[in-house]
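Numbering (our numbering), first residue to last: 26 to 80.
Data block below; observations after.
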């Protein structure tokens, strides 16, 4: 596994992330990891779609 550190997160963004994690009953670690995994899957799917459309 890789570690990621993000600095200078605006307070408003942090507040939204904290509230969302709490509402879902998740730790911030699990919540942020879920967001990253979801985005990576979405990006990967978009790339595959673009390749199919190009053929």
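By construction, the Cβ of each residue, glycine as well, lies at the ideal position given by its N, Cα and C atoms.
Separation of residue 30 and residue 57 (C-alpha to C-alpha, rounded to the nearest whole angstrom) is 11 Å. Taking the Cβ atoms as the reference, residue 53 lies roughly 15 Å from residue 62, outside the contact range of under 8 Å. Residue 47 and residue 71 have their C-alpha atoms roughly 30 Å apart. Under the three-state reduction of DSSP output, residue 51 falls in the coil class, being neither helix nor strand. Here DSSP, grouped into helix, strand and coil, assigns residue 33 to coil.
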